[in-house]
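Visitor: If you count the sequence shown from 1, position 34 lands on 34 in this note's numbering, and the numbers rise without skipping.
My questions all concern the structure below.
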Amino acid sequence: MDSLLKLPEGAAYRESKDRAHVEATHQGGIIYITGTCDSLQRQVEYYEALYHTARDALEQKQDELNRAEEGRRDSSLFDKLYLLATGIAAGASFTTIFRIFKKD
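Here it is, written out as structure tokens:
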């Protein structure tokens, strides 16, 4: 610890052993220590890629569901208008038929 405190301002001490790496820097009276490990880095990259893939798939599915919901709303409105027009036509037809038979 004393040797780390004796590091000049802005200097860094680096040590590596196999796949593990450590760096100590001295800045503003504070010692910053950073450590990395190649196998750990690969694990982090793997899970980050997995996360991004899952997030993208989820966003794509959400977009598909939103588009399907909009399509359902449009067809629902069309169905209602079709039923209304059919009802009006049927009502007019029955009214005309009843008037014809009532005259007889």
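By construction, the Cβ of each residue, glycine as well, lies at the ideal position given by its N, Cα and C atoms.
Taking only the alpha-carbon atoms, compute the straight-line gap between residue 8 and residue 58 and give it to the nearest angstrom.
Guide: 50 Å
Visitor: Tell whether a beta-carbon distance below 9 Å holds between residue 10 and residue 20.
Guide: no
Visitor: How many Å lie between residue 27 and residue 16 at the Cα?
Guide: Their backbone Cα atoms lie some 21 Å apart in a straight line.
Visitor: Rounded to whole angstroms, what is the Cα-Cα separation between residue 5 and residue 12?
Guide: The alpha-carbon separation between residue 5 and residue 12 amounts to approximately 11 Å.
Visitor: State the CB to CB distance for the pair residue 22 and residue 31, rounded to an integer number of angstroms; the pair is presumed to be in contact (CB under 8 Å).
Guide: In fact, because the Cβ distance is near 12 Å, the residues do not count as touching under 8 Å.
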